[in-house]
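One structure below.
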Amino acid sequence: TCLNGQLDGDETDVDCGGGCSPCARGQLCLAAEDCATARCVADLCVPFNCALADVSDGLSGFSIVGLSTAEVGTRVASIGDQSDDGLADLVVTTPSNQAAYVVFGKDDGDPIALADVEQGAGGYVIQVGASTIDVAPLGDLNDDGVDDLIVGAPDVSGRAWVIFGKGDGQPIDVDALGAQGIEILDSGDGSSELGRAVAAVADMSGDGLAELVLGAPRADPFERTDAGAVYVLFGASDITQIDLINLNEGVEGFAIYGASVDGRAGTSVAATGDINGDALPDILIGAPAIDQVYVVFGKPDGATVDLASDVIDGAAGLVISSAVAGVELGASVRGDLDFNGDGAPDLALGAPGADPGGLADAGRVYVIFTGDAQGDITVGDAIEGAEGLILEGASASARVGAALHGLGDVDDDGFEELIVGAPGGQAPGDPGVSYLVFGAAETGALGVDALADGPDGLVIVGEAPSDLAGAAVSGGADVNGDGFADALVGAPYLNFGDGRAYVIFGEQCLAE
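Structure below.
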């Protein structure tokens, strides 16, 4: 048997009885069976309850629900501790009612109703007045001991806001922000889609404050129509408004201009660590319309960066290109992980339009180990110019890599984990799926089907057909205070567009 804590000789894998130490990662002891399929939890071998339906039932996390046809979970983000209770908080967006909701962390499995949050219970609402919203954590910009966040709304003539964090439930209206934050606007013709993607990067300018990174993929620099732009704004808390048309480059920040007509650089943005060894953090910029990703090296000065010339020779950055057109390389980008454990930052790049094995839009994710990078990089069936791992979708239209995020070293093995969304995945019904990929030094290609077996990761399946579960993913912070990083997954089309977001507790589902 597998239940008595002893090796009797009839176990098909390892003995799961008595304690968790004999269990391999991804295995558990099923009642009346030998070790087979899932995980150990809190020194007991227990059933595997990490599908999103189990999270909704409170078995391994909690869900965020409510608001008819609001598409809850179109974006999700972990944003640090705003409520000052020692638990990380999160934000979810609801395009149909044009708002973002800050939800305070908690340690039980009871669902959060956004209707209650609107009344100030368990969080607060930010009225944005736009259906397309991006959100990102910022850290404590105004030095009040509370973490802040960035909100972008490209539909509102291109605007973004810094929202100063707070622990009360009073709502915020960005049109009456006042001292509650900073408004950032593009008062040109309003067509740049400023705020399509937002991020924060560690201090470049030497003032001790994080910098803001704002994508504007429809900007027209140097008469390059829709080449895109990215604005890096140096951290400041003593102002209430920044107009990019009057940006004082060199004092308030600098611009990064897209290289190609219709390139739409700035569709995605992210911070990464120090790739070129100058002790400054660097920036990732996605241009999926032309299948390119740019690494722009951090710098303390305000000189403009032109992606058409300044990054070509490697002095100001690197270019990562796809060997095949139309794969949407750079639709999602992250640089907040050390996947192979070598101490150098690694890059995770989504290409949800890739066709591995001839499967249309099955999708790929490229994890590039920058410690071995040698100049510009090309990706396709292999990675040229660096070592790395390729995660490949296994079914048409799965769109693996539509979203991704680093989780930190959840299982404490020296390698950092990655969560990847595939909103069209997992037949039958295609509810959408998210994949947890355990960090490792191995290179080459890995099919997502292999993750279901346990050693390389796990599969988190959506609740119902066509939910688009995995359209948004985030995590890396401890929402419930168990000492393990948790994961966030959005499923915006659950129940015909009501949507739902999920917090998946790390100890139950993600840790070894």
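The working numbering puts the first residue of the sequence shown at 979, with every later residue one more than the last. Every residue, glycine too, gets a C-beta built ideally from N, C-alpha and C.
The alpha carbon of aspartate 1153 has as its nearest neighbour, out of Gln1105, Gly1392 and Leu1187, the alpha carbon of Gln1105. By the neighbour-count criterion, in which a residue is buried when 16 or more other Cβ atoms sit within 10 angstroms of its Cβ, glutamate 1370 is buried.
Residue state for valine 1305 is assigned as coil, using DSSP reduced to three classes. For phenylalanine 1200, the secondary structure class from DSSP, reduced to helix, strand or coil, is helix. Judged by DSSP in its simplified three-state form, glycine 1425 adopts strand.
When DSSP states are grouped into helix, strand and coil, threonine 1348 belongs to the helix group. Below 8 Å, enough C-beta pairs join the segment 1281–1301 and the segment 1342–1359 to call them touching: three or more.
For serine 1310, the three-state secondary structure derived from DSSP is strand. When the five nearest sequence neighbours on each side are left out, the beta carbons in the same chain lying within less than 7 Å of the beta carbon of glutamate 1171 are those of Pro1132, Gly1136, Ala1194, Pro1195 and Arg1196, in order along the chain. For glycine 1366, the enclosing beta strand (DSSP E) covers residues 1365–1370. Distance check between serine 1412 and each of Tyr1272, Asp1122 and Val1439 places Val1439 closest, using alpha-carbon atoms only. Counting C-beta atoms within 10 angstroms of its own C-beta, isoleucine 1217 has fewer than 16 neighbours from the protein chains shown and is therefore classed as exposed. Out of Gln1076, Asn1075 and Ala1091, the CA that lies nearest to the CA of phenylalanine 1082 is found in Ala1091. About 5 Å separates the beta carbon of glycine 1484 from that of aspartate 1464, a gap short enough to meet the 8 Å contact definition. Spanning the alpha carbons of glycine 1392 and aspartate 1314 requires a straight line of approximately 15 Å. With respect to serine 1183, proline 1278 sits close: the two C-beta atoms are nearer than 8 Å. Looking from the CA of threonine 1421, the closest CA among Ser1375, Ala1430 and Asp1434 belongs to Asp1434. Taking C-beta separations shorter than 6 Å and ignoring five residues to either side along the sequence, the partners of asparagine 1458 in its chain run Asp1085 and Phe1483, following chain order. Taking each of Val1191, Ala1177, Gly1186 and Thr1203 in turn and checking the Cα distance to serine 1169, the smallest one comes out for Thr1203. DSSP, read as helix, strand or coil, puts aspartate 1032 in helix.
Non-local C-beta neighbours of aspartate 1252 in its own chain, meaning closer than 8 Å and more than five positions away in sequence, comprise Leu1258, Pro1259, Asp1260, Gly1276 and Pro1323, ordered along the chain. Less than 8 Å divides the Cβ of valine 1343 from the Cβ of glycine 1379. Where alanine 1093 is concerned, the enclosing alpha helix (DSSP H) starts and stops at 1092–1096.
Counting only the Cα atoms, asparagine 1120 lies some 20 Å from glycine 1101. Bounds of the beta strand (DSSP E) holding glycine 1453 are 1450–1453.
In the three-state scheme derived from DSSP, where H, G and I count as helix and E and B as strand, glutamate 1485 is classed as helix.
In the DSSP assignment, glycine 1264 falls within the beta strand (DSSP E) that extends over 1260–1265. Cα atoms of valine 1388 and glutamate 1394: separation of roughly 7 Å, rounded to the nearest angstrom. Between the alpha carbons of glycine 1384 and glutamine 1076 lies a gap of roughly 27 Å. Under DSSP, leucine 1436 shares a beta bridge with Leu1414. Non-local C-beta neighbours of serine 1109 in its own chain, meaning closer than 8 Å and more than five positions away in sequence, comprise Pro1073, Ser1074, Gln1076 and Asp1133, ordered along the chain.
Counting the other Cβ atoms within 10 Å of the Cβ of alanine 1360 gives fewer than 16, which makes it exposed. Shown here, alanine 1360 sits in coil according to DSSP, grouped into three states, outside any helix or strand. DSSP lists Ala1469 as the beta-bridge partner residues of arginine 1478. Under the 10 Å beta carbon count, threonine 1052 is surrounded by 16 or more other beta carbons and is classified as buried.
Taking a 10 Å sphere around the C-beta of isoleucine 1223, we find fewer than 16 other C-beta atoms and assign the residue as exposed.
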